[in-house]
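Going by the UniProt record's numbering, the residue at position 84 of the sequence shown is 84; the numbering climbs one at a time, nothing skipped.
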Amino acid sequence: MKETWWKEAVVYQIYPRSFNDSNDDGIGDLNGITEKLDYLDELGVTIIWVCPMYKSPNIDNGYDVSDYQEIMEEMGTMADFDRLLEELHKRGMRLIIDLVLNHTSDQHPWFLESKSSKDNPKRDWYVWRDHQTNWESIFGGPAWTFDPKTQQYYLHIYTKNQVDLNWENKEMRESIYEMIRWWIAKGVDGFRVDAINHLKKDYSDMPNPQNLPYVPAWEKFTEVEGLQDMLTELRDQVFKDSDIVTIGEANSVKSHNMEKWISEHDGKFNMIFHLEAHKPVDTNNVENDLDVEDLKEVLNRWQQATHGIAWNSLYIENHDRPRTVSIWGNDQKYWYESATALGCMYFFMQGTPFIYQGQEIGMTNAPFDDIDMYHDIETKNIYRYKCKQGVPHDEVMHVIKKISRDHARTPMQWNNQDFAGFSKATPWLGVNPNYQWLNVEAQKNDPNSIWSFYKKMIHLRHNWKVLVYGTTELTDSGCPYVYAYIREDQYTKMLIASNLSEKTCEWNSPYDAELFLSNYEKRAKGILQPYETCVYFLKKEIY
Ligand code: GLC
Ligand code: CA
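#1: If you reduce the DSSP assignment to three classes, tell me which class Ser498 lands in.
#2: How many angstroms separate the CA atom of Asp331 from the CA atom of Val325?
#3: Going by beta-carbon coordinates alone, are Met75 and Pro121 separated by less than 8 Å?
#4: Tell me the residue span of the beta strand (DSSP E) that contains Phe516.
#5: In whole angstroms, what separates the C-alpha of Asn439 from that of Leu429?
#6: Report the three-state DSSP secondary structure of Ala524 (helix, strand or coil).
#7: Would you check whether ligand 1 has a heavy atom nearer than 7 Å to the C-beta of His407?
#8: Report the option in Asn270, Val193 and Trp414 whose CA atom is closest to the CA atom of Gln357.
#9: Roughly how many whole angstroms lie between the Cα atoms of His459 and Tyr346?
#10: Below 7 Å, is the gap between the Cβ of Glu195 and the nearest heavy atom of ligand 1?
#11: Nearer than 7 Å: is that true of the beta carbon of Ser22 relative to any heavy atom of ligand 2?
#12: Report the rounded CA-to-CA distance for Met206 versus Cys505, giving the unit in angstroms.
#13: Can you name the start and end residues of the alpha helix (DSSP H) that Val100 belongs to?
#14: Determine the DSSP secondary structure at Leu199, reduced to helix, strand or coil.
#15: Within the stretch 6-36, note down every full beta strand (DSSP E) run reaching 3 residues or more, in order along the chain.
#16: Which residues does DSSP list as the beta-bridge partners of Trp414?
#17: Considering only the alpha carbon of each residue, which of Arg461, Thr472, Met363 and Leu295 lies closest to Ser449?
#18: Distance, Cα to Cα, Glu488 vs Val292?
#19: With Lys36 and Asn20 assumed to form a contact (beta carbons below 8 Å), what rounded beta-carbon distance in angstroms separates them?
#20: Compute the minimum distance between the beta carbon of Ile27 and the heavy atoms of ligand 2, and state whether it is under 7 Å.
#21: Under the three-state reduction of DSSP, which class applies to Gly190: helix, strand or coil?
#22: From Tyr214 to Ile138, what does the alpha carbon distance come to, in whole angstroms?
#23: Cβ atoms of Asn365 and His398: under 8 Å apart, would you say?
#24: Give the straight-line distance between the Cα atoms of Met349 and Ser498, rounded to the nearest whole angstrom.
#25: Determine, using beta-carbon pairs with one atom in the stretch 101-112 and one in the stretch 327-344, whether at least three such pairs fall under 8 Å.
#26: Going by other Cβ atoms of all chains shown within 10 Å of its Cβ, with 16 needed for buried, is Asp79 buried or exposed?
#27: Determine the closest residue to Phe269 out of Thr145, Ile27, Met230 and Tyr454, with distance taken between C-alpha atoms.
#28: Give every residue of the same chain whose Cβ lies closer than 8 Å to the Cβ of Lys220, excluding the five residues on either side of it in the sequence, and list them in chain order.
#29: Using only the alpha-carbon positions, how far apart do Ala195 and Ile97 sit?
#30: Please find out if some non-hydrogen atom of ligand 1 comes closer than 7 Å to the beta-carbon of Gln413.
#31: On a Cα-Cα basis, can you pick out the residue from Glu87, Lys525, Leu212 and Met494 that is closest to Leu507?
#32: Hey, is Tyr481 close to ligand 1, as in C-beta under 7 Å from one of its heavy atoms?
#33: How long is the line joining the alpha carbons of Leu515 and Gln359, rounded to whole angstroms?
#34: Can you determine whether any heavy atom of ligand 1 sits closer than 7 Å to the C-beta of Asp164, and answer yes or no?
#35: Comparing alpha-carbon positions, which option in Lys296, Leu43, Asp164 and Asp64 lies nearest Asp476?
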């Protein structure tokens, strides 16, 4: 595979509202990120991805953009953005920003014009119809809203304040391309492209045998025939000729059809987030504990399908999912062990690893009992619609306590002072009370902390090319709940084994081989203890 900077990178995802508040108004901001660049540099990350910081009414925390070329007031100014970019580049680090192209805010001037009259020149930039289809939106409720003034419906596959752009309209597309070129000219190093599998729609009703008011309609707006032509144009018009990296969020792509998305010869993006491995923590799948065999099947299938022809992203957390250590691990008895074992499991596969803020210190789900402690629009909608359907209150809260997106959005825990050192003012979303002991300061100088473990993993990746370009092969430990694989090139062979359960695994470990990394101080020959993880050199030739 061709060697490129982004294949060798380690990415750190920042949810800016929750990362660091520089002016003590309770909301994280761009200067707050700049203040922490040395922290990120020390950890070893080389790219940061910042979630939307554009002007926005914040119905969906910035994923509802009202001006693509302005900074949200709460986040700072364009000058702050430029300084962040400059400070990153000074340190040899790079910046990826989020691009939200499927929809804009209903407060975007384009939409205000579009809705002003039926013959407005921008009317066709959005989707207007005399009759709605029977689709349900992704966040619940109908996907169409009636506009009394012009007597038509407009489409929104997320909230009614996130209005779908009409990608069939050439003029609209040209404006989007201009905007993206403007950011590239500014010097950003790449884009994470939001919800990109939804640009094309099939405007027909869903079958509705149960006569529901609206029907989940995923297939009507996901990977619809013709989407690839749109993505090809996007790539050729704006991405192709610059040295940037693109990661498409496309939670529908399967390993057998990934080539048109990410192959080196015809991919529309350099990587995608396919989210297939996250099915076990899906909103609709609350009681499902981690099934390691299932996880292995999914991740290994992707590893084998992409090897030699395509690249991909590696991740276990993001701003839309609960905390992995709480969902897949054990955030009580095996907090340290399970956080490090899960980290080690995904970090050394083929692909570019992403770390979500707080993951490097093992941040956990928040113990918020009351719906008023939550802020996320999706969570609020789940609450509203489930209660309306008559689901008992405790049952609804049980679901929310497990899967709310807010678990990933509580303020970053920097130290044990007020508000975890995130801000001096009450933050926009409550701090997880475990900040008293679970924070960066407590871990940074402790060689046996989750933070130090992540730092070692990052350095191992930077120092050993086999972990970037080598082959990947699953290996059988004899225990279905152990995830073990081998990375190999002509000089080096490494074994990465992680016990992802509370059971002990008896196996024929290469105990005498050189050990690079382990999360247990007291190791035992022939067994992997609960959540024990280790990285061995099986072959190490100097080159
Ligand atoms: C993506 C984002 C999510 C957002 C949605 C709508 O899935 O990751 O946070 O709510 O798109 O833009
Ligand atoms: Ca602030």
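Using N, Cα and C, we set each Cβ at its ideal position, and we do this for glycine too.
Computed from a predicted model, the values in this text were never measured in an experiment.
Here's the rundown:
#1: Position 498 of the sequence shown holds residue 498. It is a strand residue.
#2: Mapped onto the sequence shown, residue 331 falls at position 331. Mapped onto the sequence shown, residue 325 falls at position 325. C-alpha separation (whole angstroms): 6 Å.
#3: Here residue 75 refers to the residue found at position 75 when the sequence shown is read from its first residue. Here residue 121 refers to the residue found at position 121 when the sequence shown is read from its first residue. No; because the gap between Cβ atoms is not below 8 Å, this pair is not in contact.
#4: Locating residue 516 in the sequence shown gives position 516, counting from the first residue. Looking at the DSSP string, the run of the beta strand (DSSP E) that includes Phe516 is Glu514 to Ser518.
#5: Sequence index remark: in the sequence shown, residue 439 carries index 439 (1-based). Sequence index remark: in the sequence shown, residue 429 carries index 429 (1-based). Using only the alpha carbons, I get a separation of about 17 Å.
#6: The residue you call residue 524 lines up with position 524 of the sequence shown. In the structure shown, Ala524 sits in coil (DSSP, three-state: anything other than H, G, I, E or B).
#7: As a working note, residue 407 is residue 407 in the sequence shown. Outside the cutoff, so no.
#8: Working through the sequence shown from its first residue, we reach residue 357 at position 357. That would be Trp414, whose Cα lies nearest to the Cα of Gln357.
#9: One-based indexing of the sequence shown puts residue 459 at position 459. One-based indexing of the sequence shown puts residue 346 at position 346. When rounded, the distance between both Cα atoms is 15 Å.
#10: Here residue 195 refers to the residue found at position 195 of the sequence shown. Checking the sequence, you will find Ala at residue 195 rather than Glu. Indeed, a heavy atom of ligand 1 lies less than 7 Å from the Cβ.
#11: Locating residue 22 in the sequence shown gives position 22, where the first residue counts as 1. Yes, ligand 2 has a heavy atom inside 7 Å of this Cβ.
#12: Taking the sequence shown and counting its residues from 1, one reaches residue 206 at position 206. Taking the sequence shown and counting its residues from 1, one reaches residue 505 at position 505. Going by the C-alpha atoms only, they are around 48 Å apart.
#13: In the sequence shown, counting from the first residue as 1, residue 100 sits at position 100. Premise fails: Val100 lies in the beta strand (DSSP E), Arg94 to Val100, not in any alpha helix (DSSP H).
#14: Counting from 1 along the sequence shown, the entry for residue 199 is found at position 199. Three-state DSSP puts Leu199 in coil, outside helix and strand.
#15: 11-14
#16: On the sequence shown, position 414 is the one that residue 414 refers to. Paired residues: none, contrary to the question.
#17: Taking the sequence shown and counting its residues from 1, the one referred to as residue 449 is at position 449. The residue with the shortest Cα to Cα distance from Ser449 is Met363.
#18: Translated into the one-based positions of the sequence shown, residue 488 becomes position 488. Translated into the one-based positions of the sequence shown, residue 292 becomes position 292. If I take the Cα positions, the gap works out to 23 Å.
#19: For the purposes of this step, residue 36 is taken as residue 36 along the sequence shown, with counting starting at 1. For the purposes of this step, residue 20 is taken as residue 20 along the sequence shown, with counting starting at 1. Contact flag correct, Cβ pair sits at about 5 Å.
#20: Translated into positions along the sequence shown, residue 27 becomes position 27. Result yes, Cβ under 7 Å from ligand 2.
#21: The count along the sequence shown starts at 1 and reaches residue 190 at position 190. Of the three classes helix, strand and coil, the one that applies to Gly190 here is strand, per DSSP.
#22: Taking the sequence shown and counting its residues from 1, one reaches residue 214 at position 214. Taking the sequence shown and counting its residues from 1, one reaches residue 138 at position 138. Cα to Cα, Tyr214 sits roughly 11 Å from Ile138.
#23: As a position in the sequence shown, residue 398 is number 398, starting the count at 1. As a position in the sequence shown, residue 365 is number 365, starting the count at 1. It is not a contact, given that the beta carbons lie outside the stated cut-off.
#24: In the sequence shown, the residue the question calls residue 349 occupies position 349. In the sequence shown, the residue the question calls residue 498 occupies position 498. Roughly 13 Å separates the two Cα atoms.
#25: no
#26: Mapped onto the sequence shown, residue 79 falls at position 79. Contrary to the premise, residue 79 reads as Ala rather than Asp in this sequence. It counts as exposed.
#27: Here residue 269 refers to the residue found at position 269 when the sequence shown is read from its first residue. Measuring from the Cα of Phe269, the nearest candidate turns out to be Met230.
#28: If you number the sequence shown from 1, residue 220 lands on position 220. Around Lys220: Thr133, Trp135, Lys201, Asp202, Tyr203, Ser204 and Met206.
#29: Residue mapping note: residue 195 aligns to position 195 of the sequence shown, counting from 1. Residue mapping note: residue 97 aligns to position 97 of the sequence shown, counting from 1. Computed Cα separation, rounded: 14 Å.
#30: Mapped onto the sequence shown, residue 413 falls at position 413. No, ligand 1 has no heavy atom inside 7 Å of this Cβ.
#31: As a working note, residue 507 is residue 507 in the sequence shown. Rather than Leu, the amino acid found at residue 507 in this sequence is Trp. Among Glu87, Lys525, Leu212 and Met494, the Cα nearest to that of Trp507 belongs to Lys525.
#32: Position 481 of the sequence shown, counted from the first residue, corresponds to residue 481. Outside the cutoff, so no.
#33: For this step, residue 515 is matched to residue 515 along the sequence shown. For this step, residue 359 is matched to residue 359 along the sequence shown. Answer to the nearest angstrom: the Cα atoms are 24 Å apart.
#34: Locating residue 164 in the sequence shown gives position 164, counting from the first residue. It does not: the Cβ of Asp164 is nowhere closer than 7 Å to a heavy atom of ligand 1.
#35: Within the sequence shown, residue 476 is the residue found at index 476, counting from 1. Answer by Cα proximity: Lys296.
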